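Undergrad: The listed protein sequences derive, respectively, from chains A and B. Counted the way this note's numbering counts, the first sequence spans residues 256 to 897. Counted the way this note's numbering counts, the second sequence spans residues 256 to 897. Note that beta-carbon positions come from the ideal geometry of N, C-alpha and C, so glycine has one too. Since we're looking at a predicted model, the values are computed, not measured. Quick one: this structure, given as structure tokens, is what I'll be asking you about.
There are 2 protein chains.
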Amino acid sequence: MTRTTLTQNALAETARVDAAAVAPLPGSRKIFVEGSTPDIRVPFREISLSPTRTSGADEQNPPLLVYDTSGPYTDPEAEIDLRRGLAELRRDWIEARGDTEFLDGPTSEYGRRRANDPMLAHLRFELTRKPRRAREGKNVTQLHYARQGIITPEMEFIAIRENQKRQALSTQYSGSDEVERILGHQHAGQGFGARLPEEITPEFVRDEVAAGRAIIPCNINHPESEPMIIGRNFLVKINGNLGNSAVTSSIEDEVDKMTWGIRWGSDTIMDLSTGQNIHETREWIIRNAPVPIGTVPIYQALEKVNGVAEDLTWEVFRDTLIEQAEQGVDYFTIHAGVLLRYVPLTAKRTTGIVSRGGSIMAKWCLYHHRESFLYEHFEEICEICKRYDVAFSLGDGLRPGSVADANDEAQFAELETLGELTRIAWQHDVQVMIEGPGHVPMHLIKQNMDKQLAECDEAPFYTLGPLTTDIAPGYDHITSGIGAAMIGWYGCAMLCYVTPKEHLGLPNKDDVKTGIITYKIAAHAADLAKGHPAAQRRDNALSKARFEFRWEDQFNLGLDPDTAREYHDETLPKDSAKVAHFCSMCGPKFCSMKISQEVRDSVFKRSAADKHPADDPEAVKKGLKDQAQAFRDAGAQLYQEV
Amino acid sequence: MTRTTLTQNALAETARVDAAAVAPLPGSRKIFVEGSTPDIRVPFREISLSPTRTSGADEQNPPLLVYDTSGPYTDPEAEIDLRRGLAELRRDWIEARGDTEFLDGPTSEYGRRRANDPMLAHLRFELTRKPRRAREGKNVTQLHYARQGIITPEMEFIAIRENQKRQALSTQYSGSDEVERILGHQHAGQGFGARLPEEITPEFVRDEVAAGRAIIPCNINHPESEPMIIGRNFLVKINGNLGNSAVTSSIEDEVDKMTWGIRWGSDTIMDLSTGQNIHETREWIIRNAPVPIGTVPIYQALEKVNGVAEDLTWEVFRDTLIEQAEQGVDYFTIHAGVLLRYVPLTAKRTTGIVSRGGSIMAKWCLYHHRESFLYEHFEEICEICKRYDVAFSLGDGLRPGSVADANDEAQFAELETLGELTRIAWQHDVQVMIEGPGHVPMHLIKQNMDKQLAECDEAPFYTLGPLTTDIAPGYDHITSGIGAAMIGWYGCAMLCYVTPKEHLGLPNKDDVKTGIITYKIAAHAADLAKGHPAAQRRDNALSKARFEFRWEDQFNLGLDPDTAREYHDETLPKDSAKVAHFCSMCGPKFCSMKISQEVRDSVFKRSAADKHPADDPEAVKKGLKDQAQAFRDAGAQLYQEV
């Protein structure tokens, strides 16, 4: 059933980046904001905007800076060669800490075997880099540094990235007061206990990491990644999954999906491959990924025992952890909360155990009638993680797979165990986030968030959806996007995307994009609702462009300029329509935006003074009456030829 | 710019229903549940399901009844001829009340002119029916009847429809106790003051209508429509918009969109045409619509004065209302809440006035410096509405068009006026619902619902979205689907769909379907969260099918079986994969559903007695240990060849 592609056979020689994934987004350029030292260069996407045409001088619209997950791929200055991988942005920072050493090569048995297998030469990423590991007795996690009071370059990078230097930049580019009044509008949010400071400082980042409320997934063997943070006092993040399976997909397809996913905004990528050549696929992905990569190591471990769950052993699993840690995986999903006594709680469920990892471990536990090696060896896993700085994503193996099973005893029992494991990991200074459901109707979502915060001492929550109904296969990006937006608002730190193919098949590139955009919407809607101080500016800029019929700006400020433009052109393809002061919905005569602008312009003529007449109710009343006559006299045209 | 199609030129001769819109949905048949008299026949769609294969006898799965908006179009028994229109389901009910009379022809000046214009013959629906009107001094609204204590056939029809006869039918078809345990599971909901009775009786329907908490839009001139109700103590409804514009679209396209929209679940349709031949387009749509049709009469009135807002007069508008009422429009959007003094409140907004109706009225008010004829003649409008039973949909002309403008003074000032108008309409026994926003970030949505309930004395709320962010043109079905689900949960009675083309262009049929399915998801998610007693059964049935690898059942139980099947087939096209006990995501070895079923089957072998072993913790513990050995001995296969 495996689809063998020609490209795969000669991947090491032919791998090329997909051209569609590397062009800059329209109207955008990559800029860098420098930190306290020249090697801290934080990337942003700057969207240029056209001026607003007025009867007087044109009004300048400042460019908008947006958070940029796409790495060097959208930077025309960068040379992309998938076969060489990305530049090692963090190498010197890691080196400077002096607490790591290079290994001669992989220390995992499996890693060595794969490295030395001549049959894999055509698939293998040509490793030029030796794996790195903490020196004996050292702990190299960001949590460890944070608790020592150390602000790492990663933390400073993140502060700049999250803060979007909005204060400095809005001054630098500022247009008129009136423009800034519109762009700067921000509703007070409702944060449910989140603390969102006006300005994010490196010290704030350190403090949040030290408290366990945020994690920075950044394996020392993934120096290519641009530091990012997951925590509820920061921008809500999203994850995109990819991965080949036994049934379909090639390595190159998966690398393509990664570059495609980060182009549209995926903050991290999970490689969930379960098919052939998992090791090689992962290497290609990590070496070319500017975002953290997560995995579920039990998937690969199961492959190693030919898919027979009960044959899994701690030794196989341990070797897999080391293998992956030395490749550079930034976070591991570990289903250590599936305890033997919880399995019977799933027996009367509508959909039993739907997590792959959870069902594998349940089967293992039942077969051996004992607690899993994940649970029993959890401290040893911590020992491994702290030598590479791999963060935990404690898996919810008993998450509900249907609305009926939401918030049941099995799910919440496991969550309590995840809290227990969180505290153990923290004793080792290993970073932790907690995975969450799943299928949950809207009114039961908040209980998930509240319980997670309580049980896991505010460790970041990372949920799949949740899906708010089961009845829409083919549209589960939407059933889950609803739940994702809500739980993001309530405090979830990262949202794992769901594509339209969920429950039905493996996502192709279109599905990946649809899933990512849907989740960017959910994350941004959550940021707005929480009142993140940098969130509303983009909405304001886009709505201003929309109201002023700056069509190109409206497209370019959107999450997906290409689709917006394509939809517009379907009805009004002519270039002139891009500057038309109406659109296809109403045509020239009816357009409410147009009428509304006229109403505003005619009745509330801007006074020469700075003060807007609408600030003064008396002036407004008088103006209204005066202008009604003037408006009538002028016989304002509803439509001006373009 | 008008696109002239050949079909339009000979519409009266050639109009044919789109074949794709009339086939029954897969696995489904139309059934009717009879009321107290044989002429009350309530349509449902019955989805047949295949049995669950077990090691013993197959377990039967009862068919699922779902609410069906598609009318005769999915009934193979019905003969569809667009040129003749649908059968007049409600004719005898209306006739039997003895309070109406037939008119010789249209009493509106415009209606007569169009009827007598020979140039329109090729476009005209061949009217075989004379318009009907209340006899002098009579009031024919459902609210009027309800307040007299009369239960109309419409109300009984609705009770059966809403209630889904689930109690009777679940007995009739019942499978085993275990099947019913799974299908009957229902979470307690959170209704925010909604009262959702276990069984909906005709008297409950009457009482809700009498209290003004629900409306039954059913113009006596639209006897073709199947009665439905809009109120927060019933299933959440959705509306789909269609309508040609000055720029594009033909009559036949719009009729196609109507039949397409109701196929996928639109409970009402608004005809928002603003282009040519509005009158004729509407006639074709109403005569063929089994769902209520709403309009915004000011759009057509504006056409009549050549698009010059200030030339609008009460006389032109009044004639338009009568013209449309005599065609059978079931509800009118009337922007009577746009008061002169509110217009200045919009001057400092980011996006001013974005409602077309609102901006037209604002311009009129400013030009004439007086309150609008809608407001000043509101009681006369009530007089018209009660003679035909046209419901009000009081328009939110000052709704926010951007996140920045949400919940501002202009919006809420208008809402207060809508409350005042609601009470006036109720004095005339005219049914009322209230339109709501718009663009609102998540945390400001509930305030909209709460204020609407308070200001408008619990009249049903009908919102557009709301859109929870402005930054995703091309995906506003999703930005708004999030808000729609939430406000539906909070108590909104009907959700006006938004398509992917919102802000960009006119929706085509694909967009209409995407918008409808998205809003069905939102409405259903809201029903689940409110705890509607009929809501969860469909989720349960689908999840049971999913867990048991009944692929065809999973597709057919979904909101869009065609897309689900297509997505599945993209990865695993072979027919055998439809009965495979795995899917393309994991392949045969990894499937968590499969493993989970094995876990359940192996460890918790069903006892011969009815009692499930998981009911007894001691039995579970013992069983666990015993079965661990048995499980090991049996060496359960992970995958069985199909």
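Mind listing the chain A neighbours of B:S505? Cutoff is C-beta to C-beta under 8 Å, in chain order.
TA: Here the question's residue 505 of chain B lines up with position 250 in the second sequence. Within 8 Å Cβ-Cβ: nothing; B:S505 doesn't reach chain A, min ~14 Å.
Undergrad: Check each residue of the stretch 792-813 of chain B: if its Cβ is closer than 8 Å to any Cβ of chain C, include it; give the result in chain order.
TA: Protein chains in the displayed structure are A and B, and chain C is not among them.
Undergrad: Identify the continuous beta strand (DSSP E) that holds B:I286 and give its terminal residues.
TA: In the second sequence, counting from the first residue as 1, residue 286 of chain B sits at position 31. Residues 283-289.
Undergrad: In chain B, which residues lie with their C-beta within 8 Å of the C-beta of A:K385?
TA: Residue numbering aside, residue 385 of chain A sits at position 130 when the first sequence is read from its first letter. Under the 8 Å cutoff, chain B gives no residues; its nearest Cβ is about 33 Å from A:K385.
Undergrad: So, does the CB of B:A864 fall closer than 7 Å to a CB anywhere in chain A?
TA: Looking up residue 864 of chain B in the second sequence gives position 609. Since pLDDT at B:A864 reaches only 35, below the 50 mark, its modelled position is unreliable, and the value read off the structure follows with that caveat. For B:A864, the answer is no, since every Cβ of chain A falls outside 7 Å of its Cβ.
Undergrad: So A:M741 and A:I689 are in contact, right, with Cβ under 8 Å, and what is the actual spacing, rounded?
TA: Taking the first residue of the first sequence as position 1, residue 741 of chain A is located at position 486. Taking the first residue of the first sequence as position 1, residue 689 of chain A is located at position 434. With a Cβ gap of about 18 Å, A:M741 and A:I689 do not count as contacting.
Undergrad: Per DSSP, B:K492 forms a beta bridge with which residues?
TA: For the purposes of this step, residue 492 of chain B is taken as the residue at position 237 of the second sequence. DSSP lists B:M749 as partners of B:K492.
Undergrad: Could you tell me whether the Cβ of B:I850 comes closer than 7 Å to any Cβ of chain A?
TA: By one-based count along the second sequence, residue 850 of chain B stands at place 595. Yes - at least one Cβ of chain A is within 7 Å of the one on B:I850.
Undergrad: Quick one: list the residues of chain B neighbouring A:Y730, beta-carbon separation under 8 Å, in chain order.
TA: Stepping through the first sequence from its first residue, residue 730 of chain A is reached at position 475. I772, T773, I776, L814, D815, T818, listed in chain order.
Undergrad: Please report whether the beta-carbon of A:M483 lies at a distance below 7 Å from any beta-carbon of chain B.
TA: Taking the first sequence and counting its residues from 1, the one referred to as residue 483 of chain A is at position 228. Cβ-Cβ to chain B under 7 Å: no for A:M483.
Undergrad: Between B:L759 and A:Y752, is the Cβ-Cβ spacing less than 7 Å?
TA: As a working note, residue 759 of chain B is residue 504 in the second sequence. As a working note, residue 752 of chain A is residue 497 in the first sequence. No.
Undergrad: Between the C-alpha atoms of A:I733 and B:G736, what's the straight-line distance to the nearest angstrom?
TA: Along the first sequence, read from residue 1 onward, the residue named residue 733 of chain A stands at position 478. Along the second sequence, read from residue 1 onward, the residue named residue 736 of chain B stands at position 481. Straight-line Cα distance between these residues: approximately 8 Å.
Undergrad: Extract the residue ranges of the alpha helix (DSSP H) inside the stretch 628-711 of chain A, only unbroken runs of 4 or more that lie entirely within it.
TA: As far as the stretch 628-711 of chain A is concerned, its whole alpha helix (DSSP H) runs of at least 4 residues are 628-631, 633-643, 664-682, 700-710.
Undergrad: So with CB distances below 7 Å, who are the chain B contacts of A:D725?
TA: Locating residue 725 of chain A in the first sequence gives position 470, where the first residue counts as 1. D794, L797, S798, listed in chain order.
Undergrad: Which chain B residues sit within Cβ distance under 8 Å of A:H534?
TA: Locating residue 534 of chain A in the first sequence gives position 279, where the first residue counts as 1. In chain order: nothing, as chain B lies at least about 17 Å away.
Undergrad: If we count the other Cβ atoms within 10 Å of its Cβ and call it buried at 16 or more, is A:M374 buried or exposed?
TA: By one-based count along the first sequence, residue 374 of chain A stands at place 119. The residue is exposed, with fewer than 16 neighbouring Cβ atoms inside 10 Å.
Undergrad: Whole-angstrom Cβ separation of B:T329 and B:L280, contact assumed at under 8 Å?
TA: Locating residue 329 of chain B in the second sequence gives position 74, where the first residue counts as 1. Locating residue 280 of chain B in the second sequence gives position 25, where the first residue counts as 1. About 6 Å; that satisfies the 8 Å criterion.
Undergrad: If you draw a straight line from the C-alpha of A:Q582 to the C-alpha of A:T550, how long is it?
TA: Within the first sequence, residue 582 of chain A is the residue found at index 327, counting from 1. Within the first sequence, residue 550 of chain A is the residue found at index 295, counting from 1. Approximately 11 Å between the Cα atoms of the pair.
Undergrad: Note down, in chain order, each residue of its chain lying with its Cβ closer than 8 Å to the Cβ of B:H683, except the 5 sequence neighbours on either side.
TA: As a working mapping, residue 683 of chain B is identified with position 428 in the second sequence. Around B:H683: N394, E634, C637, E638, C640, K641.
Undergrad: In its own chain, which residues sit with a C-beta less than 8 Å from the C-beta of A:G652, not counting the 5 before and 5 after it?
TA: Residue numbering aside, residue 652 of chain A sits at position 397 when the first sequence is read from its first letter. The residues are H590, G592, V593, I608, S610, G612, G613, S614, M616, A617, E669.
Undergrad: By alpha-carbon positions, which one of A:Y643, A:R345, A:Q707, A:E807 ends up nearest to A:T672?
TA: One-based indexing of the first sequence puts residue 672 of chain A at position 417. Considering only alpha carbons, the answer is A:Q707.
Undergrad: Quick one: using the 10 Å Cβ neighbour count with 16 as the cut-off for buried, is A:K866 buried or exposed?
TA: For the purposes of this step, residue 866 of chain A is taken as the residue at position 611 of the first sequence. Residue placement at A:K866 is poorly supported in this model, since its pLDDT is 40, which falls under 50; the coordinates still yield a value, given next. That one is exposed.
Undergrad: Between which two residues does the alpha helix (DSSP H) holding A:D574 run?
TA: Position 319 of the first sequence, counted from the first residue, corresponds to residue 574 of chain A. Element bounds for A:D574: 569-582.
Undergrad: Taking B:P298 as part of the beta strand (DSSP E), name the residues at either end of that continuous run.
TA: Position 43 of the second sequence holds residue 298 of chain B. Here the beta strand (DSSP E) through B:P298 covers 296-302.
Undergrad: Classify A:M697: buried if its beta carbon has 16 or more other beta carbons within 10 angstroms, exposed otherwise.
TA: Taking the first sequence and counting its residues from 1, one reaches residue 697 of chain A at position 442. Label assigned to A:M697: buried.
Undergrad: Using 7 Å as the threshold, is the C-beta distance between B:L567 and B:W619 below it?
TA: Taking the second sequence and counting its residues from 1, one reaches residue 567 of chain B at position 312. Taking the second sequence and counting its residues from 1, one reaches residue 619 of chain B at position 364. Yes, the pair counts as a contact, with Cβ atoms nearer than the cut-off.
Undergrad: For chain A, is any of its Cβ atoms less than 7 Å away from the one on B:K618?
TA: In the second sequence, residue 618 of chain B corresponds to position 363, counting from 1. True, the Cβ-Cβ gap to chain A drops below 7 Å.
Undergrad: Whose Cβ in chain B lies nearer than 8 Å to the Cβ of A:T734?
TA: By one-based count along the first sequence, residue 734 of chain A stands at place 479. Chain B residues near A:T734: I776, A780.
Undergrad: With a threshold of 7 Å on Cβ separation, who are the neighbours of B:V598 within its own chain once the five nearest residues in sequence on each side are excluded?
TA: In the second sequence, residue 598 of chain B corresponds to position 343, counting from 1. Cβ within range, chain order: A617, C620, L621.
Undergrad: Give me the DSSP bridge partner(s) of B:I406.
TA: Within the second sequence, residue 406 of chain B is the residue found at index 151, counting from 1. Partner(s): none; B:I406 has no beta bridge.
Undergrad: List the residues of chain B whose Cβ lies closer than 7 Å to the Cβ of A:K756, in chain order.
TA: Walking along the first sequence from the start, residue 756 of chain A turns up at place 501. By Cβ distance, chain B contributes Y822.
Undergrad: Might you give, ordered along the chain, the residues of its own chain that have their beta carbon closer than 6 Å to the beta carbon of A:G674, omitting 5 neighbours on each side?
TA: In the first sequence, counting from the first residue as 1, residue 674 of chain A sits at position 419. Once the five neighbours on either side are set aside, the close Cβ partners of A:G674 are E710, C711.
Undergrad: A:F412 and A:P331 - do their beta-carbons sit closer together than 7 Å?
TA: For the purposes of this step, residue 331 of chain A is identified with residue 76 of the first sequence, where counting begins at 1. For the purposes of this step, residue 412 of chain A is identified with residue 157 of the first sequence, where counting begins at 1. Result no, Cβ atoms of A:P331 and A:F412 do not sit closer than 7 Å.
Undergrad: For B:P318, go through chain A and note every residue whose CB falls closer than 9 Å to its CB, in chain order.
TA: The sequence position of residue 318 of chain B within the second sequence is 63, counting from 1. Near B:P318 there are no residues of chain A at all, since even the closest Cβ is about 16 Å away, more than 9 Å.
Undergrad: Starting from the C-beta of A:I415, find all residues in its chain whose C-beta is less than 7 Å away, skip the five residues before and the five after it, and write them out in chain order.
TA: Locating residue 415 of chain A in the first sequence gives position 160, counting from the first residue. Excluding sequence neighbours, A:I415 sits near V288, G290, V297.
Undergrad: Give the residues of chain A in contact with B:T307, contact being defined as C-beta atoms less than 8 Å apart.
TA: Residue numbering aside, residue 307 of chain B sits at position 52 when the second sequence is read from its first letter. By Cβ distance, chain A contributes nothing, its closest Cβ being about 13 Å from B:T307, past 8 Å.
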